[in-house]
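**Student:** Got a structure for you, questions after.
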Amino acid sequence: MLVVAAGLVALAGCGGEPGAGGSSAGGSSAGGSSELGGKTYLSTAVTENGAPKKLAPNTRIRLEFKDDGTLSANAGCNSMGGKAATGDGKLKVDDLAVTEMGCDAPRHAQDTWLVELLQSTPHWKAEADKLTITSGGTVLQLQDRETAQPDVALDGTKWILESVVRGETVSTPGNGGAHLTFNGDRVTGSTSCNELQGVVARTSDKLTFGELGTTRRACSGPAAELEKTVLATLNGEVTYTLDADKLRLRTPANDGLDFKAAG
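Take a look at the structure:
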């Protein structure tokens, strides 16, 4: 497994103070109480000085304005967030923090670009399900996540394991191959070494796994380690969250598995 630290590095906020008041496009001064609160947006286009900016392969810019007045953002690798104010049509992010996951060069550069954009106190404008962020010659266009990328159905989807979460550490399975498929009260899949099947009960936000049966192929090394982790997580009750094509499972200890829909 490739292991990366998920600790946060605080970055000093910068940019001018937002103006007082403001209602039309700017909403109120707190992200949680403005019209952006509780909404998540995904990028649809980026231009710089009128020319299209190509994003890193298989990435989109994601901005999540939480009801508590904070902003969570992602450009394809690290997560970032801070306190957000949206007064006078400007987005001001204070105490911006960024995780320290290792990224390839294109995604690292894109992370840096998004940090600089968020710290520039850009202008914003929301119309229907669209959001536009503007700073100098940079224009970031986004759409409400529920419109741009609706949630994939839990049932009938092949969920491919992307990462394992243990406290403050996120690891990426090196050999891959672990996956799950749900169909009503049945679950099938693979630990990456052995096939698995069993029963599962569900509520709106929890899955409760019964004892899982597996094939008996001998596993060693990383495959054995991953199988042990997968089976330990799928043991009893976990909380699940669907977010577009992502499925997150979390134990009561807040350890878990993150999956992505195949295809």
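Counting along the sequence shown from 1, when you hit position 4 you're at 4 in this note's numbering, and nothing is skipped either side.
Just so it is clear, CB atoms sit at the ideal spot from N, CA and C, and this is done for glycine as well.
Hey, quick one: how far does the beta strand (DSSP E) through residue 82 stretch, first residue to last?
**Tutor:** Counted from its first residue, the sequence shown places residue 82 at position 82. Here the beta strand (DSSP E) through residue 82 covers 79-85.
**Student:** So, helix, strand or coil for residue 76, using DSSP?
**Tutor:** To locate residue 76, count along the sequence shown from 1; it is residue 76. Looking at residue 76 - three-state DSSP - the assignment turns out to be coil, as it is neither helix nor strand.
**Student:** Under three-state DSSP, which class holds residue 110?
**Tutor:** Position 110 of the sequence shown, counting from 1, holds the residue named residue 110. If DSSP states are grouped into helix, strand and coil, residue 110 belongs with the helices.
**Student:** Using 10 angstroms around the beta-carbon of residue 186, count the other beta-carbons present and answer buried if the total reaches 16, otherwise exposed.
**Tutor:** Walking along the sequence shown from the start, residue 186 turns up at place 186. When all chains shown are included, residue 186 counts as exposed.
**Student:** Measure the C-alpha to C-alpha separation of residue 261 and residue 229 and round it to an integer number of angstroms.
**Tutor:** One-based indexing of the sequence shown puts residue 261 at position 261. One-based indexing of the sequence shown puts residue 229 at position 229. Roughly 20 angstroms between the two C-alpha positions.
**Student:** On the CB-based measure, 16 or more other CB atoms within 10 Å of its CB, does residue 145 come out buried or exposed?
**Tutor:** For this step, residue 145 is matched to residue 145 along the sequence shown. So residue 145 ends up on the buried side.
**Student:** Is residue 178 buried or exposed, if buried means 16 or more other CB atoms sit within 10 Å of its CB?
**Tutor:** For the purposes of this step, residue 178 is identified with residue 178 of the sequence shown, where counting begins at 1. Buried, because 16 or more other Cβ atoms sit within 10 Å of the Cβ of residue 178.
**Student:** Measure how close the beta-carbons of residue 208 and residue 237 come, nearest whole angstrom, since I'm counting them as under 8 angstroms.
**Tutor:** Here residue 208 refers to the residue found at position 208 when the sequence shown is read from its first residue. Here residue 237 refers to the residue found at position 237 when the sequence shown is read from its first residue. Confirmed, Cβ separation roughly 5 angstroms.
**Student:** Mind checking residue 197: buried by the 16 CB within 10 Å criterion, or exposed?
**Tutor:** Working through the sequence shown from its first residue, we reach residue 197 at position 197. When all chains shown are included, residue 197 counts as exposed.
**Student:** Does DSSP put residue 152 in a helix, in a strand, or in coil?
**Tutor:** The count along the sequence shown starts at 1 and reaches residue 152 at position 152. Looking at residue 152 - three-state DSSP - the assignment turns out to be coil, as it is neither helix nor strand.
**Student:** Which residues in the same chain as residue 70 place their Cβ atom closer than 7 angstroms to its Cβ, once the five residues preceding and following it in sequence are excluded?
**Tutor:** Here residue 70 refers to the residue found at position 70 of the sequence shown. Excluding positions up to five away in sequence, the list reads 31, 81, 82, 83, 84.
**Student:** Got a sec? Which residues, its chain only, sit under 6 angstroms from residue 124 by beta carbon, not counting five neighbours each side?
**Tutor:** Your numbering for residue 124 matches position 124 in the sequence shown. Here the set comprises 91, 133.
**Student:** Let me know if residue 241 comes out buried or exposed under the rule of 16 or more other beta-carbons within 10 Å of its beta-carbon.
**Tutor:** Against the sequence shown, residue 241 aligns to sequence position 241. So residue 241 ends up on the exposed side.
**Student:** Apart from the five residues on each side of it in sequence, which residues of its chain come closer than 8 angstroms, Cβ to Cβ, to residue 224?
**Tutor:** Position 224 of the sequence shown, counting from 1, holds the residue named residue 224. Cβ neighbours of residue 224 beyond the five flanking positions: 193.
**Student:** In angstroms with no decimal places, state the Cα-to-Cα distance between residue 161 and residue 88.
**Tutor:** For this step, residue 161 is matched to residue 161 along the sequence shown. For this step, residue 88 is matched to residue 88 along the sequence shown. C-alpha separation (whole angstroms): 43 angstroms.
**Student:** Going along the chain, which residues of its own chain have a beta-carbon closer than 6 angstroms to the beta-carbon of residue 249, five neighbours each way excluded?
**Tutor:** The residue you call residue 249 lines up with position 249 of the sequence shown. Cβ neighbours of residue 249 beyond the five flanking positions: 238, 240, 256, 257.
**Student:** Based on the DSSP output, what are the partners of residue 119 in its beta bridges?
**Tutor:** Here the question's residue 119 lines up with position 119 in the sequence shown. DSSP output for residue 119 lists no bridge partner at all.
**Student:** Going by DSSP in three states, residue 104 sits in which element: helix, strand or coil?
**Tutor:** By one-based count along the sequence shown, residue 104 stands at place 104. In the structure shown, residue 104 sits in coil (DSSP, three-state: anything other than H, G, I, E or B).
**Student:** Which of the three DSSP states is assigned to residue 56 in this structure?
**Tutor:** Reading the sequence shown from its first residue, position 56 is the one you call residue 56. The answer is coil: DSSP assigns residue 56 none of H, G, I, E or B.
**Student:** Taking the C-alpha atoms as reference points, what is the distance between residue 277 and residue 113?
**Tutor:** Outside the shown range of the chain (1 to 263) lies residue 277, about which nothing can therefore be said.
**Student:** Per DSSP, residue 247 forms a beta bridge with which residues?
**Tutor:** As a first step, residue 247 is located in the sequence shown; it is residue number 247 there, counting from the start. DSSP output for residue 247 lists 242, 259 as bridge partner(s).
**Student:** Which residue or residues does DSSP assign as beta-bridge partners of residue 127?
**Tutor:** To locate residue 127, count along the sequence shown from 1; it is residue 127. Looking at the DSSP assignment, residue 127 forms a beta bridge with 130.
**Student:** Run the CB neighbour count on residue 252, radius 10 Å, all protein chains shown included, and call it buried at 16 or more, exposed below.
**Tutor:** Position 252 of the sequence shown, counted from the first residue, corresponds to residue 252. With fewer than 16 other Cβ atoms within 10 Å, it is exposed.
**Student:** Between 158, 235, 50, which lies nearest to residue 140 when the distance is taken from Cα to Cα?
**Tutor:** The residue given as residue 140 occupies position 140 in the sequence shown. Among 158, 235, 50, the Cα nearest to that of residue 140 is on 50.
**Student:** From 247, 110, 188, pick the residue whose C-alpha is nearest to that of residue 58; which is it?
**Tutor:** Position 58 of the sequence shown, counted from the first residue, corresponds to residue 58. Per the Cα distances, 110.
**Student:** Since residue 54 and residue 47 should fall inside the 8 angstroms C-beta cutoff, what is the C-beta to C-beta distance between them, to a whole number of angstroms?
**Tutor:** Position 54 of the sequence shown, counted from the start, is the residue given in the question as residue 54. Position 47 of the sequence shown, counted from the start, is the residue given in the question as residue 47. Actually they do not touch by this definition, with Cβ atoms about 11 angstroms apart.
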